[in-house]
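Each protein sequence line maps, in turn, to chains E and C. Take any residue in the first sequence, note its place counting from 1, add 4, and you have its number in the working numbering. Take any residue in the second sequence, note its place counting from 1, add 1, and you have its number in the working numbering. Don't be surprised by glycine CBs; every beta carbon is placed ideally from N, CA and C. Predicted, not measured: the structure shown is a model, and the values here were computed from it. This report concerns only the one structure given below.
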Amino acid sequence: MRAIGIILAGGNNHRMGELSRKRAISAMPIAGSYRSIDFALSNMTNSRVQKVGVFTQYNARSLNEHLSSSKWWDFGRKQGGLFVFTPTVTSENNSWYRGTADAIYQNLSFLKESHEPYVVIASGDCVYKMDYNKVLEYHIAKKADITVVCKDMDARENVDRYGTIKMNEDSRIEEFEEKPIVAKSNTISCGIYVIRRRQLIELIEKCAEEDLYDFVKDILIRYKNLKRIYGYKMTDYWKNIATVEDYFNTNMDFLKPDIRNYFFREYPDIYSKVDDLPPAKYNVGAKLKNCLISSGSIINGTVENSVIFKDVFVGNNCTIKNSVILNDVYIGDNTYIENCIVESHDTIRANSYLKGEDGIKVVVEQNDRFVI
Amino acid sequence: MIKKEMIAMLLAGGQGSRLGVLTAKVAKPAVSFGGKYRIIDFPLSNCINSGVDTVGVLTQYQPLRLNTHIGIGIPWDLDRNVGGVTVLPPYEKSSNTEWYTGTANAIYQNIAYMDSFNPDYVLILSGDHIYKMDYEVMLDYHKSKGAEVTLAAMPVPLEEAKRFGILITDEDRRINEFEEKPENPRSNLASMGIYIFNWKTLKEALIANAQQPSLDFGKHVIPYCHQKGAPCYAYEYNGYWKDVGTLHSYWEANMELIDIVPEFNLYEEYWKIYTKCDKLPPQYISANSEIEKCIIGEGAQIYGKVYNSVIGCGVTIGEGTVVRDSIIMNDAEIGFGGNIQKAIIAESASVGDNVKIGCGEEADNDTAPHIYNHGLVCVGEKSVVPSGVTIGKNVVISGVTGPEDYENMQLASGKSLVKAGDEV
Numbered sequence: 005m006r007a008i009g010i011i012l013a014g015g016n017n018h019r020m021g022e023l024s025r026k027r028a029i030s031a032m033p034i035a036g037s038y039r040s041i042d043f044a045l046s047n048m049t050n051s052r053v054q055k056v057g058v059f060t061q062y063n064a065r066s067l068n069e070h071l072s073s074s075k076w077w078d079f080g081r082k083q084g085g086l087f088v089f090t091p092t093v094t095s096e097n098n099s100w101y102r103g104t105a106d107a108i109y110q111n112l113s114f115l116k117e118s119h120e121p122y123v124v125i126a127s128g129d130c131v132y133k134m135d136y137n138k139v140l141e142y143h144i145a146k147k148a149d150i151t152v153v154c155k156d157m158d159a160r161e162n163v164d165r166y167g168t169i170k171m172n173e174d175s176r177i178e179e180f181e182e183k184p185i186v187a188k189s190n191t192i193s194c195g196i197y198v199i200r201r202r203q204l205i206e207l208i209e210k211c212a213e214e215d216l217y218d219f220v221k222d223i224l225i226r227y228k229n230l231k232r233i234y235g236y237k238m239t240d241y242w243k244n245i246a247t248v249e250d251y252f253n254t255n256m257d258f259l260k261p262d263i264r265n266y267f268f269r270e271y272p273d274i275y276s277k278v279d280d281l282p283p284a285k286y287n288v289g290a291k292l293k294n295c296l297i298s299s300g301s302i303i304n305g306t307v308e309n310s311v312i313f314k315d316v317f318v319g320n321n322c323t324i325k326n327s328v329i330l331n332d333v334y335i336g337d338n339t340y341i342e343n344c345i346v347e348s349h350d351t352i353r354a355n356s357y358l359k360g361e362d363g364i365k366v367v368v369e370q371n372d373r374f375v376i
Numbered sequence: 002m003i004k005k006e007m008i009a010m011l012l013a014g015g016q017g018s019r020l021g022v023l024t025a026k027v028a029k030p031a032v033s034f035g036g037k038y039r040i041i042d043f044p045l046s047n048c049i050n051s052g053v054d055t056v057g058v059l060t061q062y063q064p065l066r067l068n069t070h071i072g073i074g075i076p077w078d079l080d081r082n083v084g085g086v087t088v089l090p091p092y093e094k095s096s097n098t099e100w101y102t103g104t105a106n107a108i109y110q111n112i113a114y115m116d117s118f119n120p121d122y123v124l125i126l127s128g129d130h131i132y133k134m135d136y137e138v139m140l141d142y143h144k145s146k147g148a149e150v151t152l153a154a155m156p157v158p159l160e161e162a163k164r165f166g167i168l169i170t171d172e173d174r175r176i177n178e179f180e181e182k183p184e185n186p187r188s189n190l191a192s193m194g195i196y197i198f199n200w201k202t203l204k205e206a207l208i209a210n211a212q213q214p215s216l217d218f219g220k221h222v223i224p225y226c227h228q229k230g231a232p233c234y235a236y237e238y239n240g241y242w243k244d245v246g247t248l249h250s251y252w253e254a255n256m257e258l259i260d261i262v263p264e265f266n267l268y269e270e271y272w273k274i275y276t277k278c279d280k281l282p283p284q285y286i287s288a289n290s291e292i293e294k295c296i297i298g299e300g301a302q303i304y305g306k307v308y309n310s311v312i313g314c315g316v317t318i319g320e321g322t323v324v325r326d327s328i329i330m331n332d333a334e335i336g337f338g339g340n341i342q343k344a345i346i347a348e349s350a351s352v353g354d355n356v357k358i359g360c361g362e363e364a365d366n367d368t369a370p371h372i373y374n375h376g377l378v379c380v381g382e383k384s385v386v387p388s389g390v391t392i393g394k395n396v397v398i399s400g401v402t403g404p405e406d407y408e409n410m411q412l413a414s415g416k417s418l419v420k421a422g423d424e425v
């Protein structure tokens, strides 16, 4: 293969609120049976990128547990493999990753000791399918120094949390603004980059010399007039999940038949850690309308327009509407839940009433659970 | 040096002909069960959960599905540096090449495999029962009794005892006598086909009886050990154990899984059952569906109404179709507007739109009434049933059938529609 992969999975985002208290965003559960990072990892393996480094820092326990074996994504190979890089103290360095460029700098030997000519950099908090080889071919055809995958967002969408891009007719990036207060364009960077490995090493080393740490601000934006930085437009489904609303909506998107088919039934597959759970079980009294149910769940009540993750128990006479219930939640009898995201491992007492009045409510309830 | 205290030998070569078209193309241990599992998953999971990490699987009849399912044993954590799972098919020798002619003959032909692990004990299992059992506890019992052979046995109702091999024991559970399917059983302790042997005892018995045609454990090897005076003990087991040898018992065992608290509980935190499952996505239940008393596997899409049924992974059930008391295996597709009652629809079968299955009065099956009975309709693997047909009870359908195969778009109760020849 011509490229190695880097997945930036270290970030936290205060916009995720309580949901990111337990885990890095890349470990957020998605669509019933997946985690956010599965999409980037599966894209890597499906693009035949065999050697992938995952850079993690914030609250990495849940992510590390998910990545405890690389076999689910077929990375457990003699050639290549999956490498997880958390910050370590060395004789030269005793700080955390101070930014994305710094994270790469602190593990520069990973790049230096590889032989593949290119690097694909992706982030772990996006939901999409992509053949990185297509970007790589484009990158070579354009004789680009760096290629940035970008996407035209809906005109109504607020893009102030993304990097926005303006390109010329040749798709060369002329303007790049990070988190603009007033956006001049609706084309945003998807956080996926292709770059020659030696070029990346050179830029990262230069950054470090100047005490600069951020890949977007200190490399992409700073060098945009000096280096040939190109945009590659993607038109397929792509969603970033780093706010509560986007996380909720992305999960709900999977209830739509076209999106469900695109991810679940069309080639190539998305892979994830296998949990060995029994089939979902529906008892007398279960009523289901338009929902996704994952394995290991036991349903006794009513569930409508919702995404139920693995190992969820829904008690008798419950009603769950328009909600996302994460892994291993126990919901006691006669409970009403609407417009909520229920955090994983929660235990909801019987007769509870939970409703997001204006917007989505994140429910975190760690009551004692008695297992018989 | 390689040393394993106990290794398991799993007999998975049988056809299981009483399962009819379900085992036409696959060995019985590879038949799916409980939505996402296959029958062999239960003994394999028991092995790894009991700390038995070396398992030889003896295959003979239609091994392809079994081989791909087992692979190198990853789902059961049986991919080991030393030991793990090994598939053992019959093989050609410089002289006296033969198929596996009996249960013990199959083991006899693999003495070299067992010897290579230098075991103290060998556990003999069969690949066609549904149960959870800790073989380590059975081994402890074997050791504490100073036994050379221990047979797992369970009490059965006396009137059913004549279908089993019956063990007659003293108070200490030492076996005095064996009776194979006795007319007037003197005990209700039935052998479950699970044995622990001291390897020395087993090896000696296998070699001594090597010339016996169709060498069998129940008929030859165990009686031989007993006659030689080797202490044989019965290990009483009182949990759930189900032989799924006939279509009706297979259907019944599946249906038991959907009880509120099933006797055989797959949802317990410990003693997981592992399987190879390629499908990860959650299942989708549409707005117009109804579901009650079901278990449904990963990636299924339900648009119809499903009651009292076991649905496998990747199954699609079309809008308006009613499915009741049925087993639908992985990747089968059912069209819209149908009505399916008490059917077993095997893997990757395709049933068209507006198909009615299980209609009318019961009638005995015309070719194999001992297999297809109790009103069950059986549709074989990869079979195709055309749209708009009405099908009776005790019917078997196999192969790609078209409207021309159905007189007036109907197939009466008791008919068999088996299309010969290979798939094109």
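query, result
"Taking C-beta pairs closer than 7 Å, name the residues in chain C that E:L292 reaches, listed in chain order.", "I286, S290 and I292"
"Answer with buried or exposed for E:S24, where buried requires no fewer than 16 other C-beta atoms within 10 angstroms of its C-beta.", "buried"
"Return yes when the Cβ of C:A301 is within less than 9 Å of the Cβ of C:I318, no when it is not.", "yes"
"Buried or exposed: E:Y122, going by 16 or more other Cβ atoms within 10 Å of its Cβ?", "buried"
"For chain E, is any of its Cβ atoms less than 9 Å away from the one on C:C48?", "no"
"Ignore the nearest five residues each way along the sequence and tell me which others in E:D135's own chain have a CB closer than 8 Å to its CB.", "N47, N50 and S51"
"Would the beta-carbon of E:F252 be found less than 8 Å away from any heavy atom of the ligand ZN?", "Judged by which ligands are present, the structure shown has none, so any question about the ligand ZN falls away."
"Whose CA, out of E:K188, E:K277 and E:Q110, lies closest to the CA of E:N162?", "E:K188"
"Applying a beta-carbon distance threshold of less than 8 Å, which residues of chain C neighbour E:N287?", "I261, E293 and K294"
"Can you give the Cα-Cα distance for C:T1 and C:W77, rounded to whole angstroms?", "An answer regarding residue 1 of chain C cannot be provided, because it is not within the stretch 2 to 425 covered by chain C."
"Based on DSSP bridge pairs, tell me the residues matched to E:P184.", "BP columns for E:P184 are empty, so no partner."
"Quick check: the Cα distance between C:G194 and E:V53, rounded to an integer number of angstroms?", "49 Å"
"Note down, in chain order, every chain E residue with its Cβ under 7 Å from the Cβ of C:E299.", "S299"
"Using 9 Å as the threshold, is the C-beta distance between C:M10 and C:N97 below it?", "no"
"Taking the alpha-carbon positions, what's the C:V324 to C:K343 distance?", "8 Å"
"I think C:G353 touches C:G336, with their Cβ atoms under 8 Å apart; what is that distance to the nearest whole Å?", "5 Å"
"When burial is assigned at 16 or more other CB atoms within 10 Å of the CB, is C:K416 buried or exposed?", "buried"
"Check whether the region 286 to 297 of chain E touches the region 242 to 256 of chain C, taking contact to mean three or more Cβ pairs, one atom from each stretch, closer than 8 Å.", "no"
"By how many angstroms is the C-alpha of E:L67 removed from the C-alpha of E:S37?", "15 Å"
"Is there a Cβ from chain E that is less than 9 Å from the Cβ of C:V311?", "yes"
"List in chain order: all unbroken beta strand (DSSP E) runs of 3+ residues lying wholly within the region 226 to 285 of chain C.", "233 to 237 and 242 to 244"
"Check whether chain C comes within 9 Å of E:G319, counting only Cβ atoms and requiring the distance to be less than that.", "no"
"Using the beta-carbon count (16 or more within 10 Å), is C:P243 buried or exposed?", "Looking at the sequence provided, one finds Lys at residue 243 of chain C rather than Pro. So C:K243 ends up on the buried side."
"Excluding sequence positions up to five away, which residues of its chain have a Cβ less than 7 Å from the Cβ of E:F277?", "Strictly speaking, residue 277 of chain E in this sequence is Lys, with Phe absent from that position. Taken in chain order, the residues that qualify are H70 and W76."
"Helix, strand or coil: how does DSSP classify E:G319 here?", "coil"
"Counting only beta-carbon atoms, is E:L296 nearer than 9 Å to chain C?", "yes"
"Would you mind reading off the limits of the beta strand (DSSP E) that contains C:H130?", "H130 to Y132"
"Let me see if you follow: with CB-CB separation under 9 Å, is E:Y132 close to chain C or not?", "no"
"On the CB-based measure, 16 or more other CB atoms within 10 Å of its CB, does C:N310 come out buried or exposed?", "In the sequence as displayed, the identity of residue 310 of chain C is Ser instead of Asn. Label assigned to C:S310: buried."
"What residues in its chain sit with their C-beta under 6 Å from that of C:H375, if we drop five residues either side in the sequence?", "H249"
"Can you give me the C-alpha to C-alpha distance between C:A333 and E:N309, rounded to a whole angstrom?", "26 Å"
"Going by other Cβ atoms of all chains shown within 10 Å of its Cβ, with 16 needed for buried, is C:V138 buried or exposed?", "exposed"
"Can the beta-carbon of E:I364 be found closer than 9 Å to that of E:V248?", "yes"
"In its own chain, which residues sit with a C-beta less than 6 Å from the C-beta of E:S356, not counting the 5 before and 5 after it?", "T339"
"Any beta carbon from chain E within less than 9 Å of C:E172's own beta carbon?", "no"
"Quick one, are the C-beta atoms of C:I125 and C:T104 less than 9 Å apart?", "yes"
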